[in-house]
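In the numbering used here, the protein residues as written are 7 to 365.
Below: one structure, written as structure tokens.
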Ligand code: NAD
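Below, the structure written as structure tokens:
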């Protein structure tokens, strides 16, 4: 199979394979689109079983970045990089410098940041050899949580006709950087929390500060709650879990929550409103992008985060009207914006949506 025929290819503008044998670097940079601006997305380091697996991952991730930035209204395109290797064993300064030179070689068409297997300190090392690193000034997690909260607000307005979280029960899977901040926001808004994590310290924090009820990791899906917030792993909405869900809304931070595309329909068939992950977890990207765009102040950032609410409502309503899944509608909206179409305006009239009158 060639790259052009790859099932995830989706008309990527550029896919570059880099090798620096002396530094032990094998990396792929995928640039899905620069239609709206330079491509931006993190660098993942993972011990892929094969080059084919690495290629599949980088193509999928880079397209998702195009869609995320497009729906967030950012003048940025989508790209991603993968380094093939085990970060615990193979990562060192020489390799990261070599990767930095690869990114520099692309002359600003692609900007890199941290991702799974790379951390902030690694990005600083990469930045010693290239000008195109971002997300190095502030932690994106609090902003990601704010955006997810906006997506949740839209979901409860649309699905539950509710203007606030008081008394609503929310199951949060994963109490890491984003999950913990999201719990803060939900707790302050009056929600009752049911949580799980494999890290006992994270769980203890949620009990102490939010009075959260704790359940075992595999028990989180079947909890009698109003919302389920996946904030840990991808692929967790699948044949085994969807049938267990009691929540009528799924809205969380985790990337790639759907096991397969068809699971968006499986959720809809059960009457569960799914807030597409890349639509509502863009807050961190909105924050990190300020390193590239320079001109975005805090007020503009907050405006971008609040826009997630508007866009989510638009996606929910359009899905209902058209009988399509929210995942399909979000994809179409992103594709249309990449092709020059406009995003829903903040001033859109949502008075027909019952929950909005309660806001
Ligand atoms: P994190 O690593 O800080 O937190 C993940 C948490 O999930 C950890 O506390 C971990 O112990 C827990 N976890 C792992 N396996 C689990 C399991 N089986 N059951 C329950 N808990 C489990 O990551 P994060 O930065 O909080 O990101 C969470 C998710 O959101 C990830 O999927 C990430 O890709 C996505 N995301 C994060 C950001 C961001 O700004 N950090 C932005 C967009 C998307």
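Virtual Cβ for every residue (Gly too), placed ideally from N, Cα, C.
| Item | Value |
| --- | --- |
| Closest by C-alpha distance to residue 170, when choosing among 155, 180 and 213 | 155 |
| Cβ contact check for the stretch 118 to 131 and the stretch 70 to 81: 3 or more pairs under 8 Å | no |
| Beta carbon of residue 368 nearer than 7 Å to that of residue 149 | Because the chain is modelled from 7 through 365, residue 368 falls outside the range shown and cannot be assessed. |
| Proximity test, residue 146 beta-carbon vs ligand 1 heavy atom, cut-off 6 Å | yes |
| Reduced DSSP secondary structure (H/G/I, E/B, other) of residue 96 | helix |
| Residue interval of the beta strand (DSSP E) (run including residue 271) | It is not in any beta strand (DSSP E) - residue 271 instead sits in the alpha helix (DSSP H) that spans 268 to 275. |
| Beta-ladder partner(s) of residue 327, from DSSP | None, per the DSSP bridge assignment. |
| For residue 180, the nearest candidate out of 193, 220 and 173 (CA to CA) | 220 |
| Coil, strand or helix - residue 116 by DSSP | strand |
| Distance cut-off 6 Å: residue 237 Cβ against heavy atoms of ligand 1 | yes |
| Inter-stretch contact (C-beta, 8 Å, three-pair minimum) for the stretch 293 to 309 and the stretch 55 to 66 | no |
| Beta carbon of residue 318 nearer than 7 Å to that of residue 157 | yes |
| Beta-carbon separation (whole angstroms), residue 35 vs residue 116, contact threshold 8 Å | 6 Å |
| heavy atom of ligand 1 below 6 Å from residue 124 C-beta | no |
| Beta carbon of residue 101 nearer than 7 Å to that of residue 29 | yes |
| Residue 184 CB to nearest heavy atom of ligand 1 below 6 Å | yes |
| Integer-rounded CB distance, given that residue 32 should sit under 8 Å from residue 47 | 19 Å between Cβ atoms; not a contact. |
| Terminal residues of the beta strand (DSSP E) in which residue 32 lies | 31 to 39 |
| Nonlocal neighbours in the same chain, by C-beta distance under 8 Å from residue 343, ignoring five residues either side | 42, 76, 77 and 349 |
| Residues that residue 202 bridges to, as DSSP identifies them | 179 |
| Distance CB(residue 50)-CB(residue 88) smaller than 7 Å | yes |
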